[in-house]
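Numbering (the working numbering), first residue to last: 726 to 1140.
We treat Cβ as the ideally placed atom computed from N, Cα and C, and that holds for glycine.
It should be emphasised that the depicted structure is a prediction, and the values quoted were computed from it without experimental measurement.
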């Protein structure tokens, strides 16, 4: 990564990287990017894709356009052939502090050095720091979100209650007894905790919330504001760590200082015109895991201008849906291949369709199953096993589902 320690810090910002001039940022990227491409080229995972690339010539985002895009499906195939990381990491698995498994399965490395995932930058922007106790309701088992936010909390000097999800009554009790001042987790689970606290007659001390893993709907943000809680969101992935984040200005999401973001036509590596919606492609400057032009499958667009908060990096409009049918529901990705696996589990199922909706301020999932009869309870069990989520089951006669090619339908409104 670019050296943060030698740049000092400011009281208003996490470090001076955030307020660099365009020329300073370009000069730093021109030094860091060729080094990162050279690291990647030396790794077996990139064999064949970067062979003809001269790292010294890759000094800015425009030069990245000629490099191939790396997709999660390719990463998965490489990991199957060369476990666990597919030859894309700078060190063998035992060197890393953590090894995570995300749905797919996809394996990701994790570190515990200062702000390894770069989440501290977001937590600082959300006003979280020394004196705060963060109730971390991201998962700690297999998937990395819990450790990503814990590592960020350490970077800003905050204490952590490693709460995960579930056992909401105990979470309320712990938040009250410990005096938790900040929440980290998916946007809608905070409401579950707050509603349970109201039911129990318990007053909680939350004034800040740092959320991710799902869309933060304006109505939900306003509900938290009405309760005296400032709620900001980040955009991060298990593979890349923090990509972009909101500040108090709440005007788009500011791109993190250790990634390079491109917006391209979905399914290609071709940049879209400024302001147009396209797929987010990210090059990470993390030397431990040098992903080059990694396609996230997410849609966004570049927001012109700079943030009023004083941070000068490029901004994006935030998460605007998926470039494919993969959809995040209740903080978990549901992929078309999982729906196919669900169908394959029961011989009598003709097709299935996952429908994402909202019930109040919560995500909801319905699975419509085309079958001539069948066992609703058995289907529900399979859905929980394969999709890792529970949802309503609707059995419909064969031929009932639309013939539009969709297996995942997102009916949620994001405006």
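Counterpart residues of residue i in DSSP-defined beta bridges
i	result
residue 826	832
residue 749	None; residue 749 has no bridge partner.
residue 1058	1053
residue 863	Paired residues: none, contrary to the question.
residue 960	969
residue 955	933
residue 1019	795 and 1007
residue 1088	1083
residue 909	861 and 935
residue 1119	1093
Cα-Cα separation, residue i to residue j
i	j	result
residue 1040	residue 983	14 Å
residue 1119	residue 1079	10 Å
residue 819	residue 906	36 Å
residue 1057	residue 914	13 Å
residue 783	residue 774	15 Å
residue 957	residue 1097	47 Å
residue 1059	residue 943	23 Å
residue 687	residue 1102	Lying before the first or after the last residue shown, residue 687 is absent from the chain, which here runs from 726 to 1140.
residue 1136	residue 1052	11 Å
residue 899	residue 910	16 Å
residue 1000	residue 941	22 Å
residue 916	residue 772	47 Å
residue 828	residue 1014	19 Å
residue 731	residue 788	Summary for residue 731: the model assigns pLDDT 34, below 50, so the residue's position carries little reliability; its value from the coordinates is reported in the next sentence. One C-alpha to the other measures close to 28 Å.
residue 1127	residue 1134	11 Å
residue 954	residue 1047	29 Å
residue 1081	residue 776	42 Å
residue 890	residue 864	7 Å
residue 761	residue 816	14 Å
residue 1142	residue 1055	Since the displayed the chain opens at 726 and closes at 1140, residue 1142 lies outside it and no answer follows.
residue 849	residue 1010	21 Å
residue 875	residue 888	11 Å
residue 807	residue 1022	23 Å
residue 872	residue 885	11 Å
residue 912	residue 1112	20 Å
residue 1209	residue 1075	Because the chain here runs from 726 to 1140, residue 1209 falls outside it and cannot be looked at.
residue 1045	residue 740	29 Å
residue 802	residue 830	10 Å
residue 1121	residue 1049	25 Å
Own chain residues within Cβ distance below 6 Å of residue i, not counting five before or after
i	result
residue 986	980 and 1007
residue 990	997 and 1003
residue 838	none
residue 963	827, 833 and 869
residue 1142	Residue coverage of the chain in this structure runs from 726 to 1140, which leaves residue 1142 outside it and unanswerable.
residue 1005	1021, 1023 and 1025
Secondary structure of residue i, DSSP reduced to three states
i	result
residue 1030	coil
residue 713	The structure shown does not extend to residue 713, since the chain spans only 726 to 1140, so no value can be given for it.
residue 778	coil
residue 899	helix
residue 929	coil
residue 1009	strand
residue 1112	helix
residue 887	strand
residue 802	helix
residue 1024	strand
residue 742	helix
residue 1039	coil
residue 790	coil
residue 1076	strand
residue 986	strand
Contact under 8 Å by Cβ, residue i with residue j
i	j	result
residue 836	residue 811	no
residue 939	residue 1088	yes
residue 1033	residue 974	yes
residue 921	residue 936	no
residue 893	residue 918	yes
residue 845	residue 877	yes
residue 1092	residue 1124	no
residue 1062	residue 1077	no
residue 948	residue 1086	yes
residue 1037	residue 744	yes
residue 832	residue 855	no
residue 859	residue 883	yes
residue 813	residue 867	no
residue 1168	residue 793	The chain is shown only over 726 to 1140; residue 1168 falls outside these bounds and no answer can be derived.
residue 1073	residue 1099	yes
residue 737	residue 1035	yes
Neighbourhood of residue i by C-beta distance below 7 Å, restricted to the same chain and skipping five residues each side
i	result
residue 795	1016, 1017, 1018, 1019 and 1020
residue 967	842, 843, 844, 846, 847, 959, 961 and 981
residue 978	960, 969, 970, 971, 1040, 1041 and 1043
residue 901	927 and 929
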